[in-house]
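Shown next, in structure tokens, is the structure this report addresses.
In the working numbering, the protein residues as written are 2 to 346.
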């Protein structure tokens, strides 16, 4: 099906665009009353993820309501460890919880790789197919997965953490186990992303949410090495790598075989553009908290960011996912400011 709006894809490929495309991480979520209404009918977050028709419904909502230039499939990065054998629960107000963790070679039995992706993750693939039917070519659909390092953090810790000290300890005390687990996650992630593309994803984003907790050398060894394998393997559609907090590793990320580098709000987009040139598209990176300001504040801050861009190779987004208590009308102001912006360069 030919897309009516392919701005995001053209921007990712470095092709000519008539305006900057815009979408938001976590745009299909708690900021929208319409999302909360659907979730109330289903029950919990995980149940919503695993119900393709409803997951598709909330994926399309931001396109209808906010006017964004891309949809991103409503799912969770933790579906991968669960498919590998490590079941999780999503505890309200606390986040993910795994009863089992992987901290020894014996526990690698909970990190399977020899299984049918379509069998265990078919609900995500079905949601992608349904979503594309509902979108009817209006905008591209983005598929995604968590980066191996970030997934390892949850598989080793068993829950969210401020320090992920158990995961980082593993890198010092048993690096061979860490590499074995990262290798397994990488193999499954590549298969999963290729299955998403086959199902209809037009673009892929890999989220390395906990990249910033590692030093530069450790991230090169336990993070970038595996992102490189994923980026090299996914050659069917544009790939975005978002390594939150990995400020010192942006140049190294830009050397990987990807189209777009996602920037968090602490990263200087102007400086990074100067350093990497036109070799990659940048994505981001307004501070999500800027959307707590007045509508005029949001408009001014967004315009200031847009004025700083010196290249068309940019996809506008926040520097992190939109926070759940932000007014949807402020998000609309952000989106509309981008869509109505006229480049001065």
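Just so it is clear, CB atoms sit at the ideal spot from N, CA and C, and this is done for glycine as well.
Note that this is a predicted model, so its numbers are computed, not measured.
key: Boundaries of the beta strand (DSSP E) in which residue 98 is found, first to last residue   = For residue 98, the enclosing beta strand (DSSP E) has its first and last residue at 96 to 99.
key: Rounded distance between the beta-carbons of residue 132 and residue 72, thought under 8 Å   = Contact holds; Cβ gap of about 6 Å.
request  = Using three-state DSSP, classify residue 219 as helix, strand or coil.
outcome  = Taken through DSSP and simplified to helix, strand or coil, residue 219 comes out as helix.
request  = Output yes or no for whether 7 Å exceeds the beta carbon distance between residue 245 and residue 212.
outcome  = Taking 7 Å as the cut-off, the beta carbon of residue 245 is found closer than this to the beta carbon of residue 212.
inquiry  = Taking its Cβ as the centre, do 16 or more other Cβ atoms sit within 10 Å of residue 270, making it buried, or is it exposed?
reply    = It counts as buried.
Spatially closest choice to residue 93 from 40, 18, 196, 74, by CA coordinates = Comparing alpha-carbon positions, the option among 40, 18, 196, 74 lying closest to residue 93 turns out to be 40.
inquiry  = DSSP three-state label for residue 124, please.
reply    = Three-state result, residue 124: helix.
request  = Mind the definition here: the segment 50 to 59 touches the segment 7 to 24 only if three or more C-beta pairs lie below 8 Å; say whether that holds.
outcome  = The count of Cβ pairs closer than 8 Å, one atom from the segment 50 to 59 and one from the segment 7 to 24, stays below three, leaving the stretches out of contact.
request  = Taking residue 315 as part of the beta strand (DSSP E), name the residues at either end of that continuous run.
outcome  = Note, residue 315: beta strand (DSSP E), 315 to 319.
task = Return the first residue and the last residue of the alpha helix (DSSP H) that residue 306 is part of.
result = For residue 306, the enclosing alpha helix (DSSP H) covers residues 296 to 309.
ask   = Could you check where the alpha helix (DSSP H) with residue 252 kicks off and where it finishes?
value = Element bounds for residue 252: 251 to 255.
task = Could you please give the first and the last residue of the uninterrupted beta strand (DSSP E) stretch that includes residue 284?
result = Under the DSSP assignment, residue 284 falls in the beta strand (DSSP E) whose first and last residues are 282 to 287.
query = Does the segment 255 to 267 come close enough to the segment 232 to 243 to have 3 or more Cβ pairs within less than 8 Å?
reply = Yes: at least three Cβ pairs fall under 8 Å.
query = To the nearest angstrom, how far is it from the Cα of residue 29 to the Cα of residue 37?
reply = The alpha-carbon atoms of residue 29 and residue 37 are separated by roughly 10 Å.
task = Taking all protein chains shown into account, decide if residue 227 is buried (16 or more other Cβ within 10 angstroms of its Cβ) or exposed.
result = By the 10 Å Cβ count, residue 227 comes out buried.
key: Cβ neighbour criterion (16 or more within 10 Å) applied to residue 281   = Around the Cβ of residue 281, a 10 Å sphere holds 16 or more other Cβ atoms; the residue is buried.
query = Taking buried to mean at least 16 other C-beta atoms within 10 Å of its own C-beta, is residue 176 buried or exposed?
reply = By the neighbour-count rule (16 or more Cβ atoms within 10 Å), residue 176 is not buried but exposed.
key: Contact belief for residue 159 with residue 102 at Cβ below 8 Å, rounded distance in angstroms   = Right, the Cβ-Cβ distance comes to about 4 Å (below 8 Å), so this counts as a contact.
message = Can you look up residue 347 in the DSSP assignment and give me helix, strand or coil?
response = Here the chain covers residues 2 to 346 and nothing more, so residue 347 does not appear.
inquiry  = With DSSP as the reference, identify every bridge partner of residue 145, one or two as the case may be.
reply    = Partner(s): 206.
Exposure label - residue 105; buried when at least 16 CB within 10 Å = Under this definition residue 105 is an exposed residue.
ask   = What is the DSSP secondary structure of residue 112, counted as helix, strand or coil?
value = Correct three-state label for residue 112: coil.
Nearest neighbour of residue 139, chosen from 78, 68, 207 [CA to CA] = The option with the nearest alpha carbon to residue 139 is 68.
inquiry  = Please classify residue 44 as buried or exposed, where buried requires at least 16 other C-beta atoms within 10 Å of its C-beta.
reply    = The residue in question, residue 44, is exposed, as its Cβ has fewer than 16 Cβ neighbours within 10 Å.
query = alpha helix (DSSP H) containing residue 193: first to last residue?
reply = In the DSSP annotation of this structure, the continuous segment of the alpha helix (DSSP H) that includes residue 193 starts and ends at 176 to 200.
ask   = Under a three-way DSSP split, which group does residue 263 fall into?
value = Strand at residue 263.
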